[in-house]
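**Student:** Next up is a structure, given as structure tokens.
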Amino acid sequence: MRFDSQVILLQPGLLVGRGAGCHLRLADPKASRVHARFVPVGEAWAVQDNASKNGTFLNGRRVERAVLTHGDTIRIGQTVLTYEER
């Protein structure tokens, strides 16, 4: 997954948000403290919203949980992540 110019390797339960306990911390006031998590689904990965106030968006569509495919964009607050398969 890409975040700015960084490559983030997904791991089960990876937490994304503003909170200190998140694996990927965002300096984004529109992101919740624990906004979303990434979970394995068989051989694939899914993003799962954590009842965030502003929602999690996959390719512009608000989702509660969605399986990812190469090139998908995930918006958390105003931060955009890009999913890339290895």
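Heads up, the sequence shown is in the working numbering, so the first residue is 953 and it goes up one at a time. Backbone N, C-alpha and C define an ideal beta-carbon position, used for all residues, glycine too.
So what does DSSP say about Leu966, is it helix, strand or coil?
**Tutor:** Reduced to three states, the DSSP call for Leu966 is strand.
**Student:** If we ignore side chains and look at the alpha-carbon of each, how far apart do Thr1034 and Arg985 end up?
**Tutor:** One C-alpha to the other measures close to 20 Å.
**Student:** Where does Val999 sit, in a helix, a strand or coil, going by DSSP?
**Tutor:** Of the three classes helix, strand and coil, the one that applies to Val999 here is strand, per DSSP.
**Student:** What does DSSP give as the partner residues of Ile1026 in its beta bridges?
**Tutor:** In the DSSP output, where bridge partners are listed per residue, Ile1026 has Leu1010 and Leu1033.
**Student:** Leaving out five residues on either side along the sequence, give the residues of the same chain with a beta carbon under 6 Å from the beta carbon of His975.
**Tutor:** These residues qualify, in order along the chain: Leu966 and Leu967.
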